[in-house]
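Worksheet: the structure to be examined is printed underneath.
So, in structure tokens, the structure goes:
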């Protein structure tokens with residue numbers, strides 16, 4: 009049966025995450041929500057029980073899985089999709105020198121190439137609905153955070169691409185929002201493995217610090233509630249906003265800071281939050297001590 013409601017498809021809707029909060033918020037607004045995730049058993053009880061939520065198994069790295077999702081949405085909505093939210097992604101905490109290139113490519117596959125594949129696949133439905141595309145990037149796209157470089161680079165690529173797609177999709181009637189997500193409480197770090205540094209790593213001396221970053225404690229301290237964040241995002245969709253939307257903890261301050269402050273000041277602010285200068289100093293001291301021993 010074709011739904012008369014507006015429709016939204018959101019990737020990465022596992023319980024406790026940003027996607028789940030977005031799905032619940034759109035559902036509250038009366039949308040027919042296609043809540044997608046790779047493992048459907050991880051959906052929240054609330055979404056599982058909602059009458060206007062369709063739970064779809066979707067692996068955004070699989071062309072066949074994406075095609076099946078397109079056909080299901082097409083059948084349920086009569087060939088329209090009002091909102092597509094590319095939310096799936098993964099965080100990585102690891103020094104660039106120690107990151108296997110294959111693993112870095114896999115991160116880009118999920119954080120950058122998968123959103124492009126989703127846009128291409130769902131474009132006909134978005135165009136038919138004169139809909140809205142939402143791509144979830146990150147503040148890490150703008151702030152070069154030590155040991156988060158591969159992740160930040162993948163999100164920077166997505167932000168640049170999304171801002172470009174805004175111009176390309178506008179004449180087709182599709183509005184594009186690029187989310188620059190700041191601190192939000194979620195389970196994003198549940199799937200971040202503790203850094204397993206190689207034996208010859210220059211960063212073994214700060215292994216405990218890196219493990220602390222990987223558990224999300226520093227990143228998520230005093231972060232914004234995911235449902236509050238979701239309400240801000242859904243409000244932007246309804247207001248007809250396009251372009252970059254900064255959302256999350258201290259989003260306005262972060263946006264102004266990235267625009268107005270020189271890099272040196274931003275680095276000082278970031279250091280105050282993450283306390284990485286003493287750790288970098290330990291690495292430097294360790295390297296120099298090694299040279300003296302040789």
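Residue numbers (our numbering): 9 to 302. Note that the Cβ used here is the ideal one computed from N, Cα and C, for glycine as well. The structure presented is a predicted model; accordingly, all values stated were derived computationally and were not measured.
- Just so you know, the alpha carbons of residue 122 and residue 176 end up roughly 18 Å apart.
- Taking 8 Å as the upper bound for CB-CB distance, residue 95 and residue 18 are in contact here, some 6 Å apart.
- Residue 133 holds the alpha-carbon nearest to the alpha-carbon of residue 180 among 262, 133 and 195.
- Pairing residue 185 with residue 253 gives a Cβ-Cβ distance under 9 Å.
- Residue 256 and residue 192 have their C-alpha atoms roughly 6 Å apart.
- In the DSSP assignment, residue 19 forms no beta bridge with any residue.
- Short of 6 Å from the beta carbon of residue 138, and not among the five residues preceding or following it, lie these beta carbons of its own chain, in chain order: 181.
- Apart from sequence neighbours up to five positions away, the residues of its chain that approach residue 164 with a beta-carbon distance below 7 Å are 149, ordered along the chain.
- Look at the beta carbons and you see the stretch 47 to 65 touching the stretch 13 to 33: at least three pairs across the two are nearer than 8 Å.
- Judged by beta-carbon spacing, residue 30 lies within the 9 Å limit of residue 93, meaning their Cβ atoms are closer than that value.
- The stretch 202 to 214 makes no contact with the stretch 30 to 44; the number of CB pairs closer than 8 Å stays below 3.
- Cβ contact annotation for residue 167 (same chain, cutoff 6 Å, sequence separation greater than five): 145, 149 and 186, in chain order.
- For a cut-off of 8 Å, the C-beta gap from residue 188 to residue 274 is around 14 Å, too long to register as a contact.
- Secondary structure of residue 268 (DSSP, three-state): helix.
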